[in-house]
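Protein chains in written order, with this note's numbering: chain A, 1 to 268; chain B, 269 to 499; chain C, 500 to 730. Working notes for the structure below.
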Amino acid sequence: MRFKSIQLMAIGVVAMCSAFSASAETLRVGMECTYAPFNYRTADGELAGYDVDVAKGVAAIIGADFEYVCQEWDGMIPALLANKFDLIIASMSITEKRMEKIDFSGPYRFSTGQIVGSKKTKVNLFDGSGNPIAGNFDGLKVGLERATTYSSWFEEKLPGADVLLYDSSESLYLDLQNGRVDLIMTNPMKAHLKFLAKADGAGFEFKGPVVDEEKYFGIGVGIGMRQGQDELKGRLNGALKKLINSGDLESYARKIFPFKLHKDEWGQ
Amino acid sequence: MEVLTGWWDDYLWGAVIVAKVFAASLLLMILFGLIGAAAKLSDSRVAQKIANGYTVIFRGTPEILVILLLYFGSAIVLTAIAKVFDPDVRFVDVPPFWAGTIAIALIVGSYATETFRGAFLGVKPGSIEAARALGMSNLQTFIYIRIPEMWRIALPPFGNHMLSLVKDTALISIIGLNETLFVAKQAITVTGKPFTMYILVGIIYLGFSTIITLSVMGIERFGNRTTVGAR
Amino acid sequence: MSFDLNLILDSLPKMLAGFGVTLQLLVVSGVLGLILAILLLLMRLSGKFYLDWVAQVYIYIFRGTPILVQIFIIYYGLPQFEAIRDSVFWSILREPTGCAILALTLNTGAYVSEILRGGVLGVDKGLLEAGSALGMSARQKFIYITTPLATRLALPAYSNDVISLLKSTALASTITITDMTGIARTIVADTYAPYEVFISLAIVYMIFTFGIQKLFGVFERYLGRYARREE
Chain A
1 MRFKSIQLMA IGVVAMCSAF SASAETLRVG MECTYAPFNY RTADGELAGY
51 DVDVAKGVAA IIGADFEYVC QEWDGMIPAL LANKFDLIIA SMSITEKRME
101 KIDFSGPYRF STGQIVGSKK TKVNLFDGSG NPIAGNFDGL KVGLERATTY
151 SSWFEEKLPG ADVLLYDSSE SLYLDLQNGR VDLIMTNPMK AHLKFLAKAD
201 GAGFEFKGPV VDEEKYFGIG VGIGMRQGQD ELKGRLNGAL KKLINSGDLE
251 SYARKIFPFK LHKDEWGQ
Chain B
269 MEVLTGWWDD YLWGAVIVAK VFAASLLLMI LFGLIGAAAK LSDSRVAQKI
319 ANGYTVIFRG TPEILVILLL YFGSAIVLTA IAKVFDPDVR FVDVPPFWAG
369 TIAIALIVGS YATETFRGAF LGVKPGSIEA ARALGMSNLQ TFIYIRIPEM
419 WRIALPPFGN HMLSLVKDTA LISIIGLNET LFVAKQAITV TGKPFTMYIL
469 VGIIYLGFST IITLSVMGIE RFGNRTTVGA R
Chain C
500 MSFDLNLILD SLPKMLAGFG VTLQLLVVSG VLGLILAILL LLMRLSGKFY
550 LDWVAQVYIY IFRGTPILVQ IFIIYYGLPQ FEAIRDSVFW SILREPTGCA
600 ILALTLNTGA YVSEILRGGV LGVDKGLLEA GSALGMSARQ KFIYITTPLA
650 TRLALPAYSN DVISLLKSTA LASTITITDM TGIARTIVAD TYAPYEVFIS
700 LAIVYMIFTF GIQKLFGVFE RYLGRYARRE E
């Protein structure tokens, strides 16, 4: 029994090692795959979206093959640290808290948040200077996705709020529509495009200003990777700058929105 | 229904993955179950204790937790083992397909251990005595007497184990395996119609369950074909 | 991999805060499921084909599909329809806990009714004949003979189902319920440390399972107190 199991393990390990050592550089990229319009799967079975375009652009410039791995959002960083993939290109904001555990490339998209709620909820949730009024959130149920910049912002600013934590942003929108939650905090670009501009979102509106406090939202979203890979980071940053300066990044954005999603100065 | 246009083939591929996971985990489950039953029936106290530990751990832990633990933990454990053989290895990873397959095989295998153990114990002592009287060796007794009687006893609960295996495949969607439930989640992102998408998943799994149940019924009839009174 | 013991000590109390939620899901679904199971059982034993057939289809559907899919259909799928949102059921379906209990009840009801049916079929026919000889009506036979014996026969399988129910409550975390698994996933998402958190969570569930098994063991011994031979 002992002998056989060691043999089996050895065969398994050798098989996996040889399967792993591919010729060209292959990097695995983790994405949520359920976050339209940034990374999602179309009916053809292909991945599409702003993040996917950025990934493909970067792959072409640095000359690597990218393999895409789908991962639920709340397990994204643990999976990266457990070596399930090498890069995170999933609209992940570059925050201090995340920088403690992983490294990021430069930013390739704005990171902001805004609260969306029903038109029937007639409370002033924010005061004149853009700070939330804690008392006015009483009695309102708030939906947030786990492990996001939005949930961190809420935890700090409104610790007493009645919060429900979801596994994916899609569930968030569904439950806002059917009235299980009164408010959600989400990416305003996505909210506008995929929800408010459509029939389903007719009875809903933004309930406050755009929040972009750097402490919670960072300087933008970037490509996540494990720490200690400065050479890779350098190559990725070089690739992103090329995409910005060549206008490719803007073209990816304009496929979806009538504006670009980045600051030109990131290309310097 | 038009909302499903374009998604049919994705669901089909998802169903193919369910079938693949089922086939792989079925083999592993039988393997784990037999090893566990052998350990419990053996004379070695150590083997019994290990097998008992195995059943307690995997019957007492929620499936979703086992899958998550194996998914996150597997790379670390295997890398450590691999480094022993080849220090240059950066890491060894287990893709979601295998992490999930091994996880559900281990879980249902712990139930199968009990089923196989009970089935082996249910072999009529008279048959064994007759085999001895005929001068059959231990191996011959095992192959010609124990196994045939044992699988017939084990079949009904084993059918349930196979059903559990198929249904637990849906849980592997949590770690990103592109089987039908995960396809549904991605489809909902684009179409916004959760009921339709999830019902389709249910129908596909119901289809798998039906195939398994009918197969088990067929095998039962085959197994009992020489028994008087069997229909 | 560094095993952060402080993290375990830190997160255990937080996870145990969810114990009440898990227990609530388990007990409420268990009791309601048992009632549903008895109802289904009576339908199947009624002899009236329309009741029997409806029960059989229900059991087939709920045992043939994964419980995760059932949870998603009820929680995300049903609200897709205006009619449901405007109906009287919405007060239950609006709450994630309501949806979870509904899904778990419907699921366990199907399994338990089959377990009870197995117990009923296992009652020795001779005893029922004796009952008829004594002039008992069908209803009296069912209450005084079948029920006590069937309960004792079904108890081991039923205890297995209760443990399955406990493990299924972990899936409620996928619809925002803050049971032990839900809290654990939030901690993992904040600390990026899956192993410590999930392993300690698994141990909590194992202890819980052990407790349930012991409880049922006591119950089994109590019910079988007249059947045991004096030792």
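For glycine and all other residues, C-beta sits at the position ideal for the given N, C-alpha and C. The structure presented is a predicted model; accordingly, all values stated were derived computationally and were not measured.
Handout entry: Among C/715, C/587, C/532, C/660, the one whose alpha carbon lies nearest that of residue 600 of chain C
Key = C/532
Practice task
Report buried or exposed for residue 346 of chain B, applying the criterion of at least 16 other Cβ atoms within 10 angstroms of its Cβ.
Solution key: buried
Practice task
Would you check whether the ligand ATP has a heavy atom nearer than 7 Å to the C-beta of residue 402 of chain B?
Solution key: The model on display carries no ligand, and the ligand ATP is accordingly not part of it.
Exercise for the section: Using a Cβ cut-off of 8 Å (strictly closer), state whether residue 51 of chain A contacts chain B. Expected result: no
Problem - Residue range of the alpha helix (DSSP H) that includes residue 462 of chain B - result: 462 to 491
Problem - Straight-line gap, residue 197 of chain A to residue 203 of chain A (C-alpha atoms, nearest Å) - result: 11 Å
Exercise for the section: State the beta-bridge partners of residue 115 of chain A as determined by DSSP. Expected result: A/185
Practice task
Starting from the C-beta of residue 645 of chain C, find all residues in its chain whose C-beta is less than 8 Å away, skip the five residues before and the five after it, and write them out in chain order.
Solution key: 619, 622, 627
Handout entry: Residue(s) in a DSSP beta bridge with residue 224 of chain A
Key = A/88, A/104
Exercise for the section: Return no unless some Cβ of chain C is closer than 8 Å to the Cβ of residue 427 of chain B. Expected result: no
Handout entry: Residue from A/111, A/205, A/143, A/34 with nearest C-alpha to residue 212 of chain A
Key = A/111
Exercise for the section: Quick one: which residues of the region 534 to 565 of chain C get their C-beta closer than 8 Å to a C-beta of chain A? List them in chain order. Expected result: none
Practice task
Could you tell me the distance, in whole angstroms, from the CA atom of residue 266 of chain A to the CA atom of residue 451 of chain B?
Solution key: 36 Å
Exercise for the section: Could you tell me whether any Cβ in chain B is nearer than 8 Å to the Cβ of residue 269 of chain A? Expected result: Nothing in the structure corresponds to residue 269 of chain A, since chain A is present only between 1 and 268.
Handout entry: Separation of residue 558 of chain C from residue 482 of chain B, as counted between CA atoms
Key = 16 Å
Problem - Cβ-based neighbour list, residue 420 of chain B, same chain, cut-off 6 Å, excluding 5 preceding and 5 following - result: 491
Exercise for the section: Give the interface partners of residue 476 of chain C over in chain A, defined as CB-CB distance under 8 Å, in chain order. Expected result: In the structure as shown, chain C begins at 500 and stops at 730. Residue 476 of chain C is therefore absent and cannot be evaluated.
Exercise for the section: Below 6 Å CB to CB, which residues in the same chain sit around residue 78 of chain A once its five sequence neighbours on both sides are set aside? Expected result: none
Practice task
With DSSP collapsed to three states, give me the class of residue 556 of chain C.
Solution key: helix
Handout entry: Endpoints, beta strand (DSSP E) assigned at residue 145 of chain A
Key = 141 to 145
Exercise for the section: List the DSSP bridge partners of residue 39 of chain A. Expected result: A/35
Practice task
Can you pull the chain B residues whose beta carbon is under 8 Å from the beta carbon of residue 43 of chain A, in chain order?
Solution key: 273, 274, 275, 278, 455, 458
Practice task
Check distances from the C-beta atoms of the region 199 to 225 of chain A to those of chain B and list, in chain order, the residues that come in under 8 Å.
Solution key: 200
Practice task
Could you spell out where the beta strand (DSSP E) holding residue 165 of chain A opens and where it closes?
Solution key: 162 to 166
Practice task
Measure the C-alpha to C-alpha separation of residue 565 of chain C and residue 435 of chain B and round it to an integer number of angstroms.
Solution key: 5 Å
Problem - chain D contact for residue 69 of chain A (CB, 8 Å cutoff) - result: Chain labels in this structure do not include chain D; the protein chains are A, B and C.
Practice task
Give a yes or no on contact between the region 294 to 303 of chain B and the region 369 to 384 of chain B, applying the rule of three or more CB pairs nearer than 8 Å.
Solution key: yes
Problem - Contiguous alpha helix (DSSP H) assignments of at least 4 residues, all confined to the region 668 to 723 of chain C - result: 679 to 690, 693 to 722
Handout entry: Length at least 4, wholly inside the region 566 to 613 of chain C: the alpha helix (DSSP H) runs in chain order
Key = 566 to 571, 581 to 585, 589 to 592
Problem - residue 109 of chain A, DSSP secondary structure in three states - result: strand
Exercise for the section: Below 7 Å CB to CB, which residues in the same chain sit around residue 513 of chain C once its five sequence neighbours on both sides are set aside? Expected result: 682, 686
Practice task
Could you tell me whether the Cβ of residue 253 of chain A comes closer than 8 Å to any Cβ of chain B?
Solution key: no
Exercise for the section: For residue 579 of chain C, return the contacting residues in chain B, with the cut-off set at a CB-CB distance below 7 Å. Expected result: 461, 462, 463
Problem - Whether residue 70 of chain A touches residue 31 of chain A by CB criterion (8 Å) - result: yes
Exercise for the section: Counting only the same chain and skipping the five closest in sequence on each side, list residues whose C-beta sits under 7 Å from that of residue 388 of chain B. Expected result: 305, 309, 414, 418
Exercise for the section: Check the Cβ of residue 160 of chain A against every Cβ in chain C and list those closer than 9 Å, keeping chain order. Expected result: Residues of chain C passing the Cβ test: none, with the nearest at roughly 16 Å.
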